[in-house]
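Undergrad:
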Amino acid sequence: MRTRTIDGAKIRRVREDSGLTQAELAALLHADQSTVAKWEAGTRSPNLKIFGALCKTLRVTRDDLTIADVRAA
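For the sequence shown, the residue numbers in this note's numbering are 6 to 78.
#1: Taking only the alpha-carbon atoms, compute the straight-line gap between Ser23 and Leu63 and give it to the nearest angstrom.
#2: Please report the Cβ distance between Leu70 and Ile11, rounded to the nearest whole angstrom; I am assuming they are in contact, meaning their Cβ atoms lie under 8 Å.
#3: Assign Ala58 to one of three DSSP states: helix, strand, or coil.
#4: What does DSSP give as the partner residues of Ile72 in its beta bridges?
#5: In chain order, what residues of the same chain lie with their CB nearer than 8 Å to the CB of Arg67, ignoring the 5 residues before and after it?
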């Protein structure tokens, strides 16, 4: 079964490429800067609703911010 994992490093790269600080991105998503920092560090993941808003805000697809995992069923 293939699953996808949110990649914090990709969130950071896309955010920086977009010219946004963590605080600016957090404000756009109505979140705390510390929450964005945790996403980027990989210690937390956004819920699906916030992840959709994150992708829309950064103008990327969900696949752009995830990595594929291959796990045995």
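Glycine included, C-beta positions come from ideal geometry on N, C-alpha and C.
TA: Well, looking at it:
#1: 7 Å
#2: 6 Å
#3: Helix at Ala58.
#4: Thr10
#5: Arg9, Phe56, Gly57 and Cys60
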